[in-house]
Amino acid sequence: MRGLILFAHGARDPRWAEPLDRLRHRLTQVTPGTPVAVAFLDIMEPDLPTAADRLVAAGCDGLCIVPIFLGQGGHVRRDLAALIEVLRARHPGTDIRAAPAIGEDNGVLDALAVYCLAALDPTGAAPATRQAEEPR
C-alpha cells in the first residue's frame, strides 16, 4: 500500500493549512484506499518524519511525497531532499519518492491561469473555483 504525503511549508496562522486539509479530504474521497497525510517543513505539525512514521506504522510500504510549493526552490531541493534521506534511513524497506513541486506541473499552472483570468471578470463575479466564503 502506498501512502501520499502533501508536504507544505507551514505558517503561524492555523487557518493557512485549511486548503491543505480540504485537498487531503478530496483525495481521500477519490481514493478511499490510499492513506493521505499532510506534513509541514516548519512551524506546524506534524513534520514530515512524523507523518511518514505514522503511514509506515499503518502498513504503507511506499510513500509518495508531493511538495505543495509553486517551484523547486531551496526548500524542495535542499530541505526536502535531506528529509527524504532521513526517511530512507528510518524506513529502509519503504519505497520513498518525491514528486516535483506542484507548481511545476502544466495542469496546475493551467488551473491557476483560469483562476487568475476569472478574477479579472469586470462584473466582480467570483472565480468558479472559489469557495463561497472569502479568504480570511
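Going by this note's numbering, the sequence shown opens with residue 2, and the numbers climb by one from there. Cβ coordinates follow ideal geometry from the N, Cα and C atoms, glycine included.
In the three-state scheme derived from DSSP, where H, G and I count as helix and E and B as strand, R79 is classed as helix. Straight-line measurement puts the Cα of D14 at about 10 Å from the Cα of I44.
Collapsing the DSSP output to three states places R3 in a strand. I66 is bridged by DSSP to I6 and A99. Here the C-alpha atom of R89 lies approximately 7 Å from the C-alpha atom of I97.
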